[in-house]
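Number of protein chains: 4
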Amino acid sequence: MECFKIYCGGDFIETPLTLFVSNPYDGKDFAQTWLAEEEELKFASDKAKEAFAKMKLMAAYEKSEALNFIASEISKNEERFASLIAQEAAKPWKYALAEARRAVQTFKVAAEEAKRLPMEYIRLDWAVEGKGREGLVKYFPIGPVAGISPFNFPLNLAAHKIAPALAAGCPIVLKPASTTPLATLELAKIIDKTEFPKGSYSVLPMKRNIGDLIVTSDDFKLLTFTGSSEVGWKMKARAGKKKVVLELGGNAGTIVSQSSDISHAVSRCVVGGFAYQGQICIHAQRIFVHKDVFETFCEQFIPLVKKLNYGHPLSHDTEITAMIDESNAKRVEDWVNEAQNDGAKLLCGGKRNGAYYEPTVLTNVTPDMNVSCQEIFGPVVTLQPYESFEEAVNQVNNTNYGLQAGIFTNNIKELDYAFNNIEVGGLIHNDVPVFRTDHMPYGGIKDSGIGREGIKYAIHDMMEPKILVK
Amino acid sequence: MECFKIYCGGDFIETPLTLFVSNPYDGKDFAQTWLAEEEELKFASDKAKEAFAKMKLMAAYEKSEALNFIASEISKNEERFASLIAQEAAKPWKYALAEARRAVQTFKVAAEEAKRLPMEYIRLDWAVEGKGREGLVKYFPIGPVAGISPFNFPLNLAAHKIAPALAAGCPIVLKPASTTPLATLELAKIIDKTEFPKGSYSVLPMKRNIGDLIVTSDDFKLLTFTGSSEVGWKMKARAGKKKVVLELGGNAGTIVSQSSDISHAVSRCVVGGFAYQGQICIHAQRIFVHKDVFETFCEQFIPLVKKLNYGHPLSHDTEITAMIDESNAKRVEDWVNEAQNDGAKLLCGGKRNGAYYEPTVLTNVTPDMNVSCQEIFGPVVTLQPYESFEEAVNQVNNTNYGLQAGIFTNNIKELDYAFNNIEVGGLIHNDVPVFRTDHMPYGGIKDSGIGREGIKYAIHDMMEPKILVK
Amino acid sequence: MECFKIYCGGDFIETPLTLFVSNPYDGKDFAQTWLAEEEELKFASDKAKEAFAKMKLMAAYEKSEALNFIASEISKNEERFASLIAQEAAKPWKYALAEARRAVQTFKVAAEEAKRLPMEYIRLDWAVEGKGREGLVKYFPIGPVAGISPFNFPLNLAAHKIAPALAAGCPIVLKPASTTPLATLELAKIIDKTEFPKGSYSVLPMKRNIGDLIVTSDDFKLLTFTGSSEVGWKMKARAGKKKVVLELGGNAGTIVSQSSDISHAVSRCVVGGFAYQGQICIHAQRIFVHKDVFETFCEQFIPLVKKLNYGHPLSHDTEITAMIDESNAKRVEDWVNEAQNDGAKLLCGGKRNGAYYEPTVLTNVTPDMNVSCQEIFGPVVTLQPYESFEEAVNQVNNTNYGLQAGIFTNNIKELDYAFNNIEVGGLIHNDVPVFRTDHMPYGGIKDSGIGREGIKYAIHDMMEPKILVK
Amino acid sequence: MECFKIYCGGDFIETPLTLFVSNPYDGKDFAQTWLAEEEELKFASDKAKEAFAKMKLMAAYEKSEALNFIASEISKNEERFASLIAQEAAKPWKYALAEARRAVQTFKVAAEEAKRLPMEYIRLDWAVEGKGREGLVKYFPIGPVAGISPFNFPLNLAAHKIAPALAAGCPIVLKPASTTPLATLELAKIIDKTEFPKGSYSVLPMKRNIGDLIVTSDDFKLLTFTGSSEVGWKMKARAGKKKVVLELGGNAGTIVSQSSDISHAVSRCVVGGFAYQGQICIHAQRIFVHKDVFETFCEQFIPLVKKLNYGHPLSHDTEITAMIDESNAKRVEDWVNEAQNDGAKLLCGGKRNGAYYEPTVLTNVTPDMNVSCQEIFGPVVTLQPYESFEEAVNQVNNTNYGLQAGIFTNNIKELDYAFNNIEVGGLIHNDVPVFRTDHMPYGGIKDSGIGREGIKYAIHDMMEPKILVK
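Chains as they are written, first to last, in the working numbering: chain A, 253 to 722; chain B, 253 to 722; chain C, 253 to 722; chain D, 253 to 722.
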């Protein structure tokens with residue numbers, strides 16, 4: 253069984269506590285690593301502070317070259333990374349490979365942004381007091397960053413914290429999800445070879461009680477968390493003087509207008525609804541289709557859903573596989589059953605086998621059902637017809653979440669109305685809400701979070717402006 | 253008869269050459285001013301250089317307050333300005349008043365932009381040679397500016413040169429159209445009261461031979477000309493080392509798609525086609541209507557054109573009046589007659605009476621007719637049906653000009669296609685090409701000019717970057 | 253006695269709880285207003301939500317004109333505002349008048365920024381997934397804002413919350429300091445006359461228990477607080493899902509290098525040290541002078557401090573007057589006495605009379621004395637000689653605070669070193685730390701706060717980006 | 253003898269006219285290529301237009317990857333490029349290698365800028381007419397570009413035209429200097445392998461009469477020329493409707509203040525004065541040293557100049573070698589002799605041997621001598637003492653040129669004064685005027701040119717804004 257030492261303040265180490273990593277598809281352990289305790293966290297924090305003093309002095313091209321090296325090494329080893337991701341997260345191969353490639357892009361973008369850290373130069377002579385005065389506003393890195401990343405994108409959602417931190421000049425201590433620590437540990441081997449000083453990056457799998465210390469510690473100037481809403485908002489209250497960025501959950505809505513290309517909408521909704529078993533924050537959970545095309549939509553959609561190919565995550569033609577664990581699959585099963593008991597109609601799927609839950613489509617759902625108002629984080633999609641466009645927008649908004657939404661339309665007024673009125677961080681035209689490029693601003697409103705990722709935007713939160721009045 | 257002294261290097265003066273200003277509607281002289289000769293031009297240029305040394309040192313708030321004062325005084329005297337414009341240019345009162353109000357806005361925007369002159373601060377450490385280096389890029393005013401403005405917007409098209417020059421810190425010597433010098437001379441009385449140093453603004457009516465000296469003189473660092481294409485491009489070749497900005501003619505196209513609101517399109521096209529007798533560079537000269545709605549469009553459009561109210565420019569309900577002079581009216585008459593001889597069909601209008609030419613609509617025109625390929629600069633509109641949207645776009649592009657265009661559609665694909673493919677400086681959605689706000693970038697491509705106005709954009713051409721490598 | 257009704261959800265009202273406002277100089281009540289309770293807060297919050305729906309739809313020019321109207325009305329009534337400020341805050345007339353004028357500037361800047369709310373348009377085709385895609389990033393107002401403002405700038409520090417909120421399109425409920433509610437209530441009379449909908453602005457004096465409800469309420473999307481560090485950081489933990497901006501205290505350091513113009517440094521330090529009795533967050537509390545010029549500095553400084561003219565705040569030649577209350581004067585007295593007991597040497601001042609504390613200068617202080625490490629918020633300055641520039645910078649940084657600092661030098665290396673190494677939000681070259689213009693980014697790091705004010709920067713926190721992927 | 257086919261519209265071809273390329277050091281031909289005539293120019297122009305239609309549709313990442321490939325291939329073959337440059341231009345090896353490396357950087361920067369082409373999104377509702385309106389300002393490539401590049405940086409000054417053109421989406425036809433065509437022909441072999449369509453890049457050595465056709469042709473939308481002032485300004489008048497960017501000559505001034513580090517200044521001035529035999533537009537031709545340190549400066553400077561190592565350009569320790577041709581060496585000889593006749597004093601150098609002219613230092617020069625007021629473009633430096641800093645600035649400005657200047661000082665007031673008053677495009681602090689990084693804005697004022705290079709800035713001139721009013 254392959255062993256991955258944890259990466260702590262620049263050293264690859266073992267600790268007294270072993271952690272086994274299993275493949276959710278078959279439940280078998282396939283790798284081993286270790287859990288950090290308070291001592292390791294302290295060491296990593298101290299080294300981060302030492303690293304910070306050096307990182308502040310790195311030239312743009314030095315950071316940029318190191319980040320490009322990381323991108324290049326991930327690229328060269330994309331199959332290695334995809335294999336780790338596929339196994340630890342039960343992610344079908346093609347999605348795992350796509351994630352590895354996205355991480356390449358994430359580091360490449362960071363390599364460019366490292367040269368373009370924000371700076372302003374402004375006139376101060378807008379009133380007599382400022383006559384003869386100008387202001388240079390430089391942004392300085394804030395200091396060590398604490399990152400907590402989720403299981404569903406073990407590499408790229410961590411990369412969205414690591415890459416901007418390194419670009420900004422901030423060391424980062426990362427707590428990966430305990431179920432999926434391998435991709436970020438593999439990444440450590442690459443970062444260790446760069447010119448970033450020891451301590452710039454630590455990746456420490458840990459139990460929640462140690463994770464709590466990260467949240468409350470004064471050693472970090474920013475806490476950036478991607479995970480569930482429930483956990484995230486509690487952290488905000490306990491974070492002390494730190495800045496906090498939260499990338500939380502969603503139950504994204506998608507509107508399919510009668511003016512759209514229905515076949516295109518259908519094929520994108522299959523991907524948006526069932527990619528990685530729906531375990532994506534911007535999974536197309538709730539689809540609203542204009543009544544005139546609802547039947548057509550269903551007729552095309554259901555057969556495609558039924559055809560999704562179940563298999564081992566490492567198999568190249570697998571389209572759907574097990575969920576992250578059986579307890580989550582059971583939760584999904586319960587919610588679907590509840591919904592059916594309350595009047596929802598099952599169009600396909602609905603059965604569970606261990607950690608596997610069939611791709612499932614429901615209709616006749618009401619906004620208060622868990623399958624609708626909660627983040628399902630599983631392979632379940634609801635389909636509802638709508639009469640007026642305004643009604644569809646209201647339904648999309650009828651939730652506590654507000655991450656992303658999709659809209660299929662060819663009508664200018666509908667698109668404008670949607671953009672002005674849908675309460676989300678991102679609206680995707682003619683595609684499903686899962687669309688994301690790694691340099692765009694990404695994040696939610698309402699219960700879906702606070703702050704934005706996307707390299708430039710993440711960097712902004714990791715820097716502090718200082719004005720020189722000249 | 254009211255006399256307007258010319259404003260030369262900070263002095264209101266008379267010269268040996270008088271210039272009478274007449275109302276094109278009745279041909280009667282109603283005011284008198286004077287023509288500058290080489291001596292006055294030299295004096296104004298010298299004073300401009302002196303003023304430049306002082307303007308460079310003005311604080312942002314000082315320029316801003318002076319520009320706000322100008323805006324405020326024009327606003328207080330908007331009827332006075334409208335009256336001068338209406339008479340010297342034969343502009344119907346409501347359009348003359350609108351122009352005065354736009355000039356207020358032009359100076360207000362400049363008052364803000366004076367505080368926001370461009371500045372950049374950039375990292376230079378993108379490669380090892382730049383390690384430890386940063387760059388401050390400050391934009392400095394280039395020096396005295398020469399402006400030449402046309403008859404059709406005697407105040408606001410001059411304001412689009414004067415306001416950015418003053419905001420940037422550049423003195424300006426303006427040659428107004430000889431037929432319409434009064435609005436800018438009236439403006440001089442206001443500018444004279446501000447803190448801008450004497451010589452910051454001169455307005456010198458002059459004959460073309462003196463105007464030529466402005467074009468070739470080394471005293472100016474920028475020539476900004478609004479007028480005909482024929483004249484403009486010749487100036488470019490003779491301008492020496494100066495920068496040159498040319499705002500020239502057009503024969504703007506408008507597309508009316510079957511997906512649009514036809515009544516709205518019709519009512520806007522009446523304004524776009526006949527406001528100020530079509531003597532506007534972005535006049536809606538060529539209208540292309542989808543064949544399915546062409547008949548409907550014509551049925552609504554022609555009666556409205558016929559109803560346009562002819563009268564004295566000072567009358568508040570006049571909608572159409574005389575052209576700038578009889579020779580232009582004859583030119584328009586000739587072109588319309590030629591077109592009819594070559595197969596065009598007259599839908600209304602077509603008669604001339606002195607300098608007045610009836611609002612005229614033609615169809616069955618071909619792209620090579622003068623009414624189509626030339627800038628008509630008169631109250632004539634051509635209407636053509638189209639079959640495919642691509643064809644309509646090709647027709648809009650089938651000309652040497654490229655200033656603005658309008659498109660009425662509710663179809664996202666049509667709008668995207670139009671924006672990517674129509675060769676113009678500005679495309680107006682759901683309105684006619686005459687739309688312009690005073691802070692937007694405005695100007696043409698192809699034979700329609702080089703450079704952009706719109707305060708911020710005009711200022712940019714009036715400044716020169718200087719980098720301090722620190 | 254003049255009565256000021258409180259302004260709640262668009263109505264001027266009285267409540268059962270009266271609040272008397274006294275002049276700290278003589279302790280006499282000179283005005284009366286009322287305290288809001290939970291009911292009024294609820295009403296104001298509800299009206300704010302209603303107003304928000306309307307404010308979102310206001311055009312830029314509508315908000316801009318309304319903000320310019322407010323600026324203009326404050327300007328016309330600057331003596332009225334100065335008189336209220338002088339009395340309620342015991343602020344010498346010239347400083348009170350300056351504050352009124354700064355508030356004019358604050359609203360003027362907001363009037364401009366209302367037209368320039370952030371928007372981005374970005375290419376998304378940086379990787380193959382984004383081919384053909386572009387992103388429009390529009391910033392939308394976040395919703396109702398809760399503001400809490402301090403006693404020391406009753407008008408302008410409130411204006412720094414009100415003006416950006418209105419410009420952004422966010423209604424604001426303001427809790428002024430209970431001791432100084434009048435300036436913001438007077439302001440309400442002006443805002444009430446504008447086109448901003450009822451509920452856009454409420455100003456509610458209230459006891460701390462009601463203020464607590466503002467902090468924890470879900471009705472507000474942002475809490476912006478200016479006040480003490482102790483109170484501020486506690487609020488952050490209790491603010492729920494809200495964004496939080498904290499503008500807290502400081503004990504600003506100033507360095508006087510041997511390369512500087514000493515006379516200039518001295519005269520600015522007198523102002524920076526004793527303006528408004530030192531009750532300013534960026535008061536020049538700690539002055540470090542190079543040892544070669546320390547004696548000269550002291551010889552010039554002390555006589556000027558001694559000459560500061562004590563008197564009634566409304567008297568035009570008063571330079572120093574009573575502190576905000578006797579308890580604060582006693583606190584200052586205690587800290588100075590403690591310092592002397594621990595070895596500090598009194599160069600002048602040191603006596604208290606009721607709420608008045610003499611302008612006081614200490615030397616021989618150590619960093620751990622309260623007069624040095626705490627925010628004194630009173631008329632006390634410490635003077636220390638330094639040997640090396642690095643040492644001076646270390647001393648400036650030797651505190652938990654980090655708001656602003658001043659540096660007098662003519663040496664490029666010293667200035668660069670200082671800017672890169674002094675831990676503050678703003679460094680003022682050749683002036684004292686109290687320098688601030690109303691459009692510059694302003695705020696602290698370390699314990700001095702989180703976030704920045706300065707209209708554009710404050711607006712940024714009041715808006716939420718939404719991307720349209722096209 | 254190695255043969256280099258010319259690269260015309262995507263094909264490597266020969267023509268009836270051969271061109272031999274010689275090494276100026278020994279006068280021997282070492283390579284052969286061909287001259288294009290009108291026919292080839294026409295073919296290249298036509299292919300450029302075809303390529304343009306395809307380049308407009310390339311995604312950012314496609315252009316970016318192709319540009320990165322170019323950078324990477326130059327880097328892999330840096331010695332090959334250095335060898336060609338060293339021989340065709342008689343450039344000492346270390347400078348030739350540095351140029352190859354700079355070209356790598358130039359293409360890398362372009363690869364990034366290709367993703368960041370300018371776009372703006374602006375509110376138009378600043379006045380009532382714009383209510384509900386917003387504007388998308390997209391910048392589109394203008395079309396085929398004509399580039400003319402000089403002998404002194406055969407690769408990188410061409411790269412500064414090619415790289416931004418390709419990044420912007422504009423095809424480019426380049427006329428290299430006839431003496432130094434090889435580096436750009438070698439580059440063609442790389443560009444030919446990329447995804448840029450055939451016709452995107454042509455490199456055509458040609459006689460001046462064919463070059464003239466490029467200048468006047470309507471096939472190009474921009475002419476970008478780097479070369480002599482005399483030739484450049486004439487082109488501007490004959491360029492028709494094209495935009496024109498001119499990067500012309502200079503006689504850069506450098507100031508050495510008594511507050512500076514003299515040894516540092518001396519060593520940099522040796523490089524700035526004699527690198528590549530002074531054949532650099534920003535060569536440190538005129539050095540002004542404060543009188544108090546003038547003697548010290550001379551004592552350190554002259555010995556270092558005398559020690560410059562003469563040799564073959566391919567030798568790695570050569571510091572100085574032959575000029576580009578004997579006629580230029582004779583011109584330099586004449587000017588130095590003239591200056592001596594008119595009273596200048598020779599501190600070292602002054603002799604010619606064929607195309608080699610010794611590193612020469614003069615003092616006692618007057619501003620009207622050719623060695624001072626003309627661009628010497630040879631290994632000659634003048635040294636003058638100054639009394640006051642203002643006088644030094646005046647002397648730097650006492651010329652028709654205005655490209656870059658250097659200033660060695662540690663005094664803030666001197667630096668500020670210099671930046672505000674020296675009339676140049678770039679001022680380098682604590683270094684010589686030859687400093688340039690490839691992404692900074694670079695270009696001159698006065699007779700030194702119009703427009704700026706530096707990738708982002710060059711791209712800006714190659715694009716045309718189009719606004720969509722929505």
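Backbone N, C-alpha and C define an ideal beta-carbon position, used for all residues, glycine too.
All values derive from a computational prediction rather than experimental measurement.
Query	Result
Cβ-based burial, residue 551/A [other Cβ within 10 Å; buried from 16]	exposed
Same chain, Cβ closer than 7 angstroms to residue 662/D, five either side skipped, listed in chain order	511 and 512
Chain B contact for residue 690/D (CB, 9 angstroms cutoff)	yes
Within chain D, partners of residue 330/A - CB distance below 9 angstroms	Residues of chain D passing the Cβ test: none, with the nearest at roughly 16 angstroms.
Host alpha helix (DSSP H) of residue 542/C (start-end)	That residue, residue 542/C, is in no alpha helix (DSSP H); its beta strand (DSSP E) goes 538-542.
Nearest-angstrom Cα separation, counted from residue 614/D out to residue 508/D	16 angstroms
Close Cβ partners of residue 433/D (< 6 angstroms) along its chain, the five nearest in sequence each way excluded	285 and 457
Whole-angstrom distance between residue 516/B and residue 506/B, CA atom to CA atom	13 angstroms
Unbroken stretches of the alpha helix (DSSP H), 4 residues or longer, contained in the stretch 283-339 of chain B	290-307 and 312-328
Whole runs of the beta strand (DSSP E) within the stretch 463-504 of chain A, excluding any shorter than 3 residues	474-478 and 495-499
Sufficient close CB pairs (3 or more, under 8 angstroms) joining the stretch 392-405 of chain B to the stretch 706-715 of chain B	yes
Secondary structure of residue 521/C, DSSP reduced to three states	helix
Beta-carbon gap between residue 405/B and residue 351/B smaller than 9 angstroms	yes
Own chain residues within Cβ distance below 6 angstroms of residue 413/C, not counting five before or after	399 and 476
Bridge partners - residue 680/B, DSSP secondary structure assignment	658/B and 721/D
Cβ-Cβ separation, residue 428/D to residue 410/D (assumed contact under 8 angstroms), whole Å	6 angstroms
Selection of the stretch 358-375 of chain C by Cβ proximity to chain B, strictly under 7 angstroms	364
Contact list for the stretch 663-674 of chain B against chain A, Cβ threshold 8 angstroms	663, 664, 665 and 667
Buried versus exposed call for residue 555/A [16 or more other C-beta atoms within 10 Å across all chains shown]	exposed
CB of residue 500/D within 9 angstroms of CB of residue 655/D, strictly	yes
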